[in-house]
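I have placed the structure first, in the form of structure tokens, so that the comments after it can refer back to it.
Residue numbers (this note's numbering): 214 to 659.
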């Protein structure tokens with residue numbers, strides 16, 4: 214099946230109604246719930262329901278497939294969420310990971326000073342406090358004492374775990390630059406003004422690669438990773454005209470960066486970052502070397518050359534990417550005179566790749582349907598639905614993005630075949646039960 218998504222832009226991306234429609238669908242169909250909703254929730258914190266958990270896993274797997282599984286120059290790690298506080302001292306997070314915070318004296322809301330124009334977005338008052346620095350890291354304590362000797366932090370990024378393990382990975386895996394270390398994992402930032410659903414939250418999941426290269430090759434690899442990462446989003450169904458590169462101005466660069474380019478998506482509220490690609494130079498390895506006293510360098514035993522590699526970092530948010538994929542996939546059309554809502558998700562991202570739908574709940578059709586289900590489950594994530602009319606079941610599967618429905622009818626008992634119905638075109642094909650799994654896999658491209 215083609216990885217293009219030609220119909221996904223039927224609903225204008227700038228339409229504010231699109232955002233509300235996707236948020237409502239996410240709650241109604243079990244993608245995303247407000248966290249602890251029975252207690253009134255907690256601001257900007259969400260739980261991923263059954264379909265959301267499946268889709269989020271598929272986003273991770275798609276990234277893993279491209280960045281680790283299909284490459285011979287990248288290896289994975291999983292580093293600790295809580296680590297030695299000296300890591301954050303060396304990285305500069307204790308000193309520079311701050312936002313300017315202001316309070317509104319009228320309504321007592323708090324805002325980032327650099328994101329408002331002198332008035333409170335909540336009440337319109339211009340009576341604001343002076344801006345003061347606010348460190349975004351969550352502070353905690355390790356052990357039984359709540360004093361400064363026990364202070365630690367929840368990681369605000371996964372990158373530092375890869376830098377401090379640079380020598381361990383390079384030595385044990387017998388690697389030399391260029392090579393990468395990849396990691397998927399949770400990060401935590403005490404954002405002053407989280408919002409826009411799951412776009413900006415205090416707890417989030419990152420998909421990061423630290424790619425270590427000879428210093429002279431850094432610019433070439435930076436350009437390479439910018440193009441590679443854009444192609445990943447396009448290949449999974451986001452129309453290219455809704456994506457753009459935004460290069461950071463020199464005065465806006467992070468303290469560790471020589472150059473940073475964001476891949477931005479046109480969200481309903483405007484352009485927003487999906488992924489940042491940064492040339493971190495040798496800042497991190499040298500900073501950790503200086504504070505730890507351990508030389509984080511590469512030594513070529515053949516040439517006698519010793520150097521500190523430069524690092525190119527593509528860093529994406531899994532939850533933010535999932536939101537963009539949902540927005541890009543949402544569509545409304547008309548089938549047989551009836552309006553339908555459809556998520557035109559790439560098959561690799563859809564919560565279910567197939568749904569098995571028997572025309573009757575009674576035996577012997579039910580038994581045959583379960584045989585088909587079990588056959589498909591060995592290779593694919595599948596749903597099973599035997600309630601209401603087949604038309605209603607098709608609409609439910611369309612709305613949650615299931616690319617293929619496998620219908621078992623009464624002829625299946627004699628011809629040992631099923632009907633595969635395709636989500637986007639609604640076209641139907643009769644396929645022998647013995648071939649149904651390979652047929653679905655061929656269409657999905659797995």
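Note that CB positions come from ideal geometry on N, CA and C, so glycine has one too.
Endpoints, the alpha helix (DSSP H) within which residue i is located
i, result
"residue 585", "578-590"
"residue 439", "431-448"
"residue 496", "496-505"
"residue 302", "299-304"
"residue 382", "379-385"
"residue 607", "603-612"
"residue 655", "649-657"
"residue 372", "372-376"
Cα-Cα separation between residue i and residue j, rounded to whole angstroms
i, j, result
"residue 252", "residue 410", "19 Å"
"residue 347", "residue 311", "5 Å"
"residue 641", "residue 280", "35 Å"
"residue 651", "residue 621", "17 Å"
"residue 242", "residue 385", "45 Å"
"residue 504", "residue 382", "20 Å"
"residue 530", "residue 492", "18 Å"
"residue 544", "residue 607", "15 Å"
"residue 292", "residue 548", "49 Å"
"residue 618", "residue 560", "12 Å"
"residue 254", "residue 645", "49 Å"
"residue 222", "residue 636", "Any reading at residue 222 is ruled out, since the residue's pLDDT is 38, under 50, leaving its predicted position unreliable."
"residue 372", "residue 308", "17 Å"
"residue 398", "residue 420", "7 Å"
"residue 600", "residue 574", "8 Å"
"residue 563", "residue 611", "11 Å"
"residue 401", "residue 425", "25 Å"
"residue 225", "residue 501", "With a pLDDT of 44 at residue 225, under the threshold of 50, the modelled position of that residue is not reliable, and the figure given next carries that caveat. Roughly 47 Å separates the two Cα atoms."
"residue 657", "residue 558", "11 Å"
"residue 648", "residue 238", "34 Å"
"residue 342", "residue 316", "5 Å"
"residue 520", "residue 510", "6 Å"
"residue 534", "residue 416", "15 Å"
"residue 462", "residue 590", "50 Å"
"residue 407", "residue 354", "24 Å"
"residue 263", "residue 250", "16 Å"
"residue 628", "residue 267", "34 Å"
"residue 387", "residue 332", "56 Å"
"residue 337", "residue 236", "27 Å"
"residue 605", "residue 593", "23 Å"
Top-ranked residue by Cα proximity to residue i, from the options
i, options, result
"residue 478", "293, 539 and 363", "539"
"residue 496", "376, 531, 261 and 394", "376"
"residue 395", "263, 276, 235 and 532", "276"
"residue 270", "487, 369, 532 and 319", "532"
"residue 480", "442, 542 and 445", "542"
"residue 380", "463, 258 and 512", "512"
"residue 616", "587, 240 and 655", "655"
"residue 230", "302, 259 and 482", "482"
"residue 638", "630, 555 and 581", "555"
"residue 234", "472, 603 and 536", "536"
"residue 208", "525, 368 and 459", "For the chain, the structure presents residues 214 to 659; residue 208 sits outside this window and is missing."
"residue 285", "345, 257, 306 and 389", "389"
"residue 427", "447, 452 and 391", "391"
"residue 260", "414, 518 and 453", "414"
"residue 351", "345, 337, 370 and 334", "370"
"residue 468", "257, 303, 576 and 318", "303"
"residue 334", "546, 319 and 488", "319"
Anticipated Cβ contact below 8 Å, residue i with residue j, distance rounded
i, j, result
"residue 438", "residue 522", "The Cβ separation is near 15 Å, so there is no contact."
"residue 265", "residue 232", "Not quite, the Cβ-Cβ distance comes to about 17 Å (not below 8 Å), so this is no contact."
"residue 418", "residue 349", "Rounded, the Cβ-Cβ distance is 17 Å, inconsistent with contact."
"residue 476", "residue 442", "6 Å"
"residue 451", "residue 367", "In fact, because the Cβ distance is near 30 Å, the residues do not count as touching under 8 Å."
"residue 447", "residue 453", "5 Å"
Terminal residues of the beta strand (DSSP E) in which residue i lies
i, result
"residue 263", "Where residue 263 is concerned, there is no enclosing beta strand (DSSP E), although the alpha helix (DSSP H) it sits in stretches over 263-277."
"residue 398", "392-401"
"residue 528", "523-530"
"residue 414", "Looking at the DSSP string, residue 414 is not in any beta strand (DSSP E), and its letter there is neither H nor E."
"residue 632", "630-635"
"residue 460", "456-460"
"residue 289", "287-289"
"residue 352", "352-354"
"residue 621", "617-621"
"residue 474", "472-480"
"residue 570", "567-571"
"residue 247", "245-247"
One or two residues paired with residue i in a DSSP bridge
i, result
"residue 554", "545"
"residue 407", "Looking at the DSSP assignment, residue 407 forms no beta bridge with any residue, so it has no partner."
"residue 314", "325 and 345"
"residue 420", "397 and 529"
"residue 645", "630"
Residue i at chain D interface by Cβ criterion, 8 Å
i, result
"residue 557", "Among the chains of the structure shown, chain D does not appear; only one protein chain is present."
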